[in-house]
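Everything on this sheet refers to the single structure shown next.
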Amino acid sequence: MQIDEEFKRFKQIREELNLTQSAFADELGISATTADIERGRTRIPGQVVKELLRKYSINPLWLFGDSKQKYLQPDKLLMSPKVVTVDNAGKDNIVLVSAKAAAGYPNNIGDAQWFETLPAFSIPLPEFRNATFRGFQVEGDSMLPVLHSGEWIVGKALDDWEDVNPKQIYVVVTVDSILVKKIQQESQSTFINLISSNPEYSPIKLDRSEIKEIWIVNSKLTFDLEADNKQVSLLTLHSEMRELKEEMRKLVKDVVSK
Numbered sequence: 008m009q010i011d012e013e014f015k016r017f018k019q020i021r022e023e024l025n026l027t028q029s030a031f032a033d034e035l036g037i038s039a040t041t042a043d044i045e046r047g048r049t050r051i052p053g054q055v056v057k058e059l060l061r062k063y064s065i066n067p068l069w070l071f072g073d074s075k076q077k078y079l080q081p082d083k084l085l086m087s088p089k090v091v092t093v094d095n096a097g098k099d100n101i102v103l104v105s106a107k108a109a110a111g112y113p114n115n116i117g118d119a120q121w122f123e124t125l126p127a128f129s130i131p132l133p134e135f136r137n138a139t140f141r142g143f144q145v146e147g148d149s150m151l152p153v154l155h156s157g158e159w160i161v162g163k164a165l166d167d168w169e170d171v172n173p174k175q176i177y178v179v180v181t182v183d184s185i186l187v188k189k190i191q192q193e194s195q196s197t198f199i200n201l202i203s204s205n206p207e208y209s210p211i212k213l214d215r216s217e218i219k220e221i222w223i224v225n226s227k228l229t230f231d232l233e234a235d236n237k238q239v240s241l242l243t244l245h246s247e248m249r250e251l252k253e254e255m256r257k258l259v260k261d262v263v264s265k
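Using this note's numbering, the first residue of the sequence shown is number 8, and each one after it goes up by one.
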C-alpha cells in the first residue's frame, strides 16, 4: 500500500521534533499514538491540522502536498534551544559540544538524557548572564583566518530572525549538521546563504525551515596564538598567489591575441 504525501509529511514533522508517537499524540490532543496516521490507516483530523498550525506554524497546504512553503510564519520559526541543563544553583550551564559529539547533536537536539552526558561549566562574568550559552568546537578551515580547527567558541542562543547581523558569526544547527558561518538573508525569501570567511568555500543556500537552532558567537578559546599569525600569513600568501596567476593568464592571453 502506497502511503500518501500527507502521512509522510506528518511523520516528518514528528521526527524533526524528536518526539515519540505517544508524545506527539499528546501534543496534538490525539488519544493513544499517531501510528495509524503515519501508516495511512487514519486520515489527519481537522483539529490536528489546526494544532500543527497553531503550535508549529505548519502550512496545511504543505502538509497535503499543495505547497512548497512549510511554515506560514517563516520569520517566527522557533530556533531557541530545545534542552538546557542547570547547575546545583539552578543556573544555566554552558554545555560543550566537541567535534565528535557534533555528529550526533542534530539527532539528539531534544534528548535531555543525551545532553547530560556532555561536559558543562559556567563562567562567572556579567557577559554570560541572563541568557543561554553553548560551547562548540570548531572543525575544518572554512572560517580561517578568524577561527581555526580545534578552537572552542561560545554562542548565545538566538530566537528571532530580526536579530541576525550579516557581520556576525553564528553556529547554525540544521537537520543534519552543525555549521559555523556568517548569515546572509535573501530579501522577500525564506532562503539564506551561509558564508565562510575562507574564500575557498562557496556559500551554502538553505531554507529557514531546515534550521533547528542558531547561536551568535560572542567569544572563543584558543590555545596556540602563534599559529594564528602563521595561518593569517599563509592565507594572505595564498590569496596573493591566486591574483598573480590570474594576472599571468590575462597577460598570456593578450600576448597571444596580438
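Quick reminder that beta carbons are idealized off the backbone N, C-alpha and C, glycines included.
Please name the residue, chosen from the options, that lies closest to residue i on a Cα-to-Cα basis.
i: V178; options: I218, D231 and N137; result: I218
i: P210; options: S226, T229 and K189; result: K189
i: N100; options: I116, A109, N66 and F135; result: F135
i: E23; options: E254, E253 and S216; result: S216
i: E1; options: E12, D33 and L186; result: No information on residue 1 is available, as it lies outside the stretch 8 to 265 that the chain covers here.
i: T27; options: K15, T40 and R16; result: T40
i: V145; options: G97, L186, E169 and Q76; result: L186
i: T197; options: W168, G147 and K15; result: W168
i: Q195; options: V180, D214, N205 and N115; result: D214
i: R249; options: E207, T229 and D231; result: E207
i: K62; options: G72, S149, T49 and Y78; result: Y78
To which residues of the same chain is residue i closer than 7 Å at the C-beta, ignoring the five residues directly before and after it?
i: F122; result: V90, T92 and V102
i: I37; result: V55
i: P173; result: K189, I190 and Q191
i: V239; result: Because V239 sits at a pLDDT of 48, beneath the cut-off of 50, its placement in the model cannot be relied upon, and the following sentence gives the value as read from the coordinates. Cβ neighbours of V239 beyond the five flanking positions: P152.
i: A119; result: V90
i: K212; result: F198 and N200
i: A108; result: L125
i: M255; result: none
Identify, in the order they occur along the chain, each residue of the same chain with its Cβ nearer than 6 Å to the Cβ of residue i, setting aside the five sequence neighbours on each side.
i: K163; result: A138, F140, I223 and N225
i: V104; result: Y112 and F143
i: I65; result: L59
i: A106; result: Q144 and E146
i: L227; result: A small correction: the amino acid at residue 227 is Lys; Leu does not occupy that position in the sequence shown. These residues qualify, in order along the chain: E158 and I160.
Reducing DSSP to helix, strand and coil, say where residue i ends up.
i: G47; result: coil
i: V178; result: strand
i: D214; result: strand
i: E146; result: coil
i: E34; result: helix
i: S29; result: helix
i: I199; result: strand
i: A127; result: strand
i: V239; result: For V239, the predicted structure reports a pLDDT of 48, less than 50, and the residue's modelled location is therefore unreliable. A value from the coordinates is still provided. Correct three-state label for V239: helix.
i: R266; result: Since the displayed the chain opens at 8 and closes at 265, residue 266 lies outside it and no answer follows.
i: A42; result: helix
i: V187; result: strand
i: G157; result: coil
i: V56; result: helix
i: L258; result: helix
i: M8; result: At M8, the pLDDT of 42 sits below 50, so the modelled position is not reliable and the matter cannot be decided from this model.
i: L251; result: helix
i: E169; result: helix
i: E207; result: coil
i: E193; result: coil
Tell me whether residue i is buried or exposed, calling it buried when 16 or more other Cβ atoms sit within 10 Å of its Cβ.
i: S203; result: buried
i: P88; result: buried
i: S184; result: exposed
i: I271; result: Given that the chain is displayed from residue 8 to residue 265, the structure contains no residue 271 and the question cannot be resolved.
i: E220; result: buried
i: L35; result: buried
i: A32; result: buried
i: F17; result: buried
Grab me the residues of residue i's own chain with a C-beta within less than 8 Å of its C-beta, minus the 5 sequence neighbours each way, in chain order.
i: K75; result: W69
Using a Cβ cut-off of 9 Å (strictly closer), state whether residue i contacts chain C.
i: A32; result: In the displayed structure, chain C is absent; only one protein chain is listed.
Every unbroken beta strand (DSSP E) inside the stretch 69 to 122 [3 residues or more]:
At a cut-off of 3 residues, the continuous stretches assigned as beta strand (DSSP E) that sit fully inside the stretch 69 to 122 are 101 to 104.
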